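**Q**
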Amino acid sequence: MNLKDEILLTTFSEVDYIKAITANKPRIALMELEKDEAESLRDEIFNIKTKIKSLVFGILEQPIQKGGEMVVTTSGGQTRRETIKDVKITEVEPKETIVVTTEKGKYELKIERNEAERMSLKFLRNGYLDYDDPIPNGFFALSARNDQSVFLTSENTLYIDPHVGRAILLDSRKDKKLENMIREAKQRILLQPNDFERALTLAQYVNEVLSNNNEEQLSPSEDRYAKDDKRVATNHTMHKPNGDFVPIGEYKIGVCIHKSLLFKYLADRVGIKCRLVDGFLFDDNERARRYRLKTDGTKPPIMTPGMRKKEGGYHVWNVVEVNGKNYLLDIHNAPNKLIREEAAETGTYARMSGNGNMAGIGGHSVMFRREDIDKD
Numbered sequence: 001m002n003l004k005d006e007i008l009l010t011t012f013s014e015v016d017y018i019k020a021i022t023a024n025k026p027r028i029a030l031m032e033l034e035k036d037e038a039e040s041l042r043d044e045i046f047n048i049k050t051k052i053k054s055l056v057f058g059i060l061e062q063p064i065q066k067g068g069e070m071v072v073t074t075s076g077g078q079t080r081r082e083t084i085k086d087v088k089i090t091e092v093e094p095k096e097t098i099v100v101t102t103e104k105g106k107y108e109l110k111i112e113r114n115e116a117e118r119m120s121l122k123f124l125r126n127g128y129l130d131y132d133d134p135i136p137n138g139f140f141a142l143s144a145r146n147d148q149s150v151f152l153t154s155e156n157t158l159y160i161d162p163h164v165g166r167a168i169l170l171d172s173r174k175d176k177k178l179e180n181m182i183r184e185a186k187q188r189i190l191l192q193p194n195d196f197e198r199a200l201t202l203a204q205y206v207n208e209v210l211s212n213n214n215e216e217q218l219s220p221s222e223d224r225y226a227k228d229d230k231r232v233a234t235n236h237t238m239h240k241p242n243g244d245f246v247p248i249g250e251y252k253i254g255v256c257i258h259k260s261l262l263f264k265y266l267a268d269r270v271g272i273k274c275r276l277v278d279g280f281l282f283d284d285n286e287r288a289r290r291y292r293l294k295t296d297g298t299k300p301p302i303m304t305p306g307m308r309k310k311e312g313g314y315h316v317w318n319v320v321e322v323n324g325k326n327y328l329l330d331i332h333n334a335p336n337k338l339i340r341e342e343a344a345e346t347g348t349y350a351r352m353s354g355n356g357n358m359a360g361i362g363g364h365s366v367m368f369r370r371e372d373i374d375k376d
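So, in structure tokens, the structure goes:
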């Protein structure tokens, strides 16, 4: 198995992202664009789409990068090979689209992916799944961010470097425990009188599933971050990995990423409108604001077990919609509470984009509009 074709980090550059998503011979649609100098100037001024000169389908034989070669084997068995002069990604949704300029012409390259891969990469890149972005079976997410590496193998499957971390897999077709969780979640929320109580009931159930009642009790001097440290350490011996992925049902205990993922997955299946948000949690609104405005000057720290909230750190949470209103839900820290979007507390939550930049906020993650994604 050819593993390290290209590395995709959770804080990657656009160059890294393009190389990673074009590795491992994906199926593509390659459109040659018909342009002359006058058309180029017109398109630049008026943002007009170009005409398609030709369209072929085939296999991309090697990753795309400036200075390298674009090698495509068409469905008819012919091989096209051209030197790349420039490359940029123009679209992530609904299909990853890359514009490649070679010495022979200009092309629009669209990558064919299944829904699970598409949504997993969307969350990895954007740090955000909206109400209308349901988590499909086969979805994966990283369980840590300490320069964790993701490799696409020669078999076009995902490989997580085991020395760096593992990936959480959500797939009820392969995870009997997750299938049972769906059934139990549906039964529990049926007993609740309204959507507000249903959301809280589901949050409490998720927290119950991923909190080990038999774990060692903390001493009076220990806090919840020390407890997280124990949970992470315990998971290494309590879960049973399935290859390079750990099915969510195998986790006996979990921290913010596990709980937020499971809540979103279940919420999508029981009719609760839910967002999944990746970002940072700060001790006060002002520090979060400085990060968002990039006036702080310091680099956001890597969240490690034992890190205190006052230092700021990576965090994952949810947002739910109830009766037309949005509420922030932090299951890991407050499973019994839905936080109103106008509450000052939401200002301590800062959403991040996939390239590691501060993208917006708890309040922003609550009130996020799809068109804002291009501004982050």
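Position 134, counted from 1, in the sequence shown is what the numbering used here calls 134; the numbers after and before it change by one each time, with no gaps. Note that beta-carbon positions come from the ideal geometry of N, C-alpha and C, so glycine has one too. Owing to the predicted nature of the structure, the values given are computational and were not obtained by experimental measurement.
#1: Report yes or no: do the stretch 193-204 and the stretch 168-184 share at least 3 C-beta pairs separated by less than 8 Å?
#2: Any contact between the stretch 252-259 and the stretch 326-333? By contact I mean 3 or more CB pairs, one from each, below 8 Å.
#3: Out of Ile28, Gly76 and Lys53, which one is the CA nearest neighbour of methionine 70?
#4: Are the Cβ atoms of glutamate 34 and lysine 53 separated by less than 8 Å?
#5: Could you say if the stretch 97-116 and the stretch 82-89 meet the contact criterion of at least three C-beta pairs nearer than 8 Å?
#6: Beta-carbon within less than 6 Å of tyrosine 17's beta-carbon, same chain only, minus the 5 sequence neighbours each way: which residues are those?
#7: Compute the distance between the beta-carbons of threonine 348 and isoleucine 339, then report whether it is under 8 Å.
#8: Compare the C-alpha of glycine 77 against each of Lys186, Glu61, Leu262 and Asp130 and name the closest.
#9: Just tell me which of Ala350, Val270 and Tyr265 has its CA closest to the CA of isoleucine 135.
#10: Within the same chain, show all residues whose beta-carbon is closer than 6 Å to that of glycine 138, passing over the 5 residues directly before and after it, in chain order.
#11: Going by DSSP, which residues form a beta bridge with proline 247?
#12: Rank Gly279, Met181, Ile248 and Lys273 by C-alpha distance to the C-alpha of asparagine 323 and give the top, closest one.
#13: How would you call aspartate 132, buried or exposed, if buried means at least 16 neighbouring beta carbons within 10 angstroms?
#14: Evaluate aspartate 86 with the Cβ neighbour count: other Cβ atoms within 10 Å of its Cβ, from every protein chain shown; 16 or more gives buried, anything less gives exposed.
#15: Return the Cβ separation of asparagine 318 and leucine 276 in integer angstroms, given the expectation that the two are a contact with Cβ distance under 8 Å.
#16: Can you tell which of Ala185, Arg351 and Pro335 has the C-alpha that lies nearest to the C-alpha of histidine 315?
#17: Who does threonine 74 pair with in a DSSP beta bridge?
#18: Where asparagine 126 and glutamine 187 are concerned, what is the direct C-alpha to C-alpha distance, given to the nearest angstrom?
#19: For tyrosine 349, which beta-bridge partners are listed by DSSP?
#20: Taking the alpha-carbon positions, what's the lysine 25 to isoleucine 64 distance?
#21: Is the separation between the beta-carbon of isoleucine 189 and that of arginine 269 shorter than 8 Å?
#22: How far does the alpha helix (DSSP H) with valine 209 in it reach, from first residue to last?
#23: Near glutamate 32, which residues of its chain fall below 6 Å by C-beta distance, leaving aside the five closest residues on each side in sequence?
#24: Grouping DSSP H, G and I as helix and E and B as strand, with all else coil, what is aspartate 130?
#25: Pull up the DSSP beta-bridge partners for valine 320, would you.
#26: What first and last residue would you give for the alpha helix (DSSP H) that runs through glutamate 184?
#27: With 16 as the cutoff for other CB atoms within 10 Å, does threonine 22 come out buried or exposed?
#28: Do the CB positions of phenylalanine 123 and alanine 167 come within less than 8 Å of each other?
#29: How long is the line joining the alpha carbons of alanine 185 and isoleucine 111, rounded to whole angstroms?
**A** This is what the structure holds:
#1: no
#2: yes
#3: Ile28
#4: yes
#5: Taking a cut-off of 8 Å for Cβ pairs, the stretch 97-116 and the stretch 82-89 touch, as three or more such pairs fall below it.
#6: Short of 6 Å from the beta carbon of tyrosine 17, and not among the five residues preceding or following it, lies no beta carbon of its own chain.
#7: In this structure, threonine 348 lies away from isoleucine 339, with their beta-carbon atoms at least 8 Å apart.
#8: Of Lys186, Glu61, Leu262 and Asp130, the residue nearest in Cα terms is Glu61.
#9: Tyr265
#10: Ala116 and Asp171
#11: DSSP lists Leu169 as partners of proline 247.
#12: Lys273
#13: exposed
#14: It counts as exposed.
#15: Yes, they are in contact, since the Cβ atoms of asparagine 318 and leucine 276 sit about 6 Å apart, within 8 Å.
#16: When each option's Cα is compared against that of histidine 315, the closest is Arg351.
#17: Gly58
#18: Asparagine 126 and glutamine 187 have their C-alpha atoms roughly 33 Å apart.
#19: Leu281
#20: Cα-Cα distance, rounded: 11 Å.
#21: No, the Cβ-Cβ distance between isoleucine 189 and arginine 269 is not below 8 Å.
#22: For valine 209, the uninterrupted alpha helix (DSSP H) run begins and ends at 195-209, by DSSP.
#23: Excluding residues within five positions, the ones whose Cβ falls inside 6 Å are Lys53, Ser54, Gly105 and Tyr107.
#24: coil
#25: Bridge partners of valine 320: Cys274 and Tyr327.
#26: 176-190
#27: buried
#28: no
#29: 36 Å
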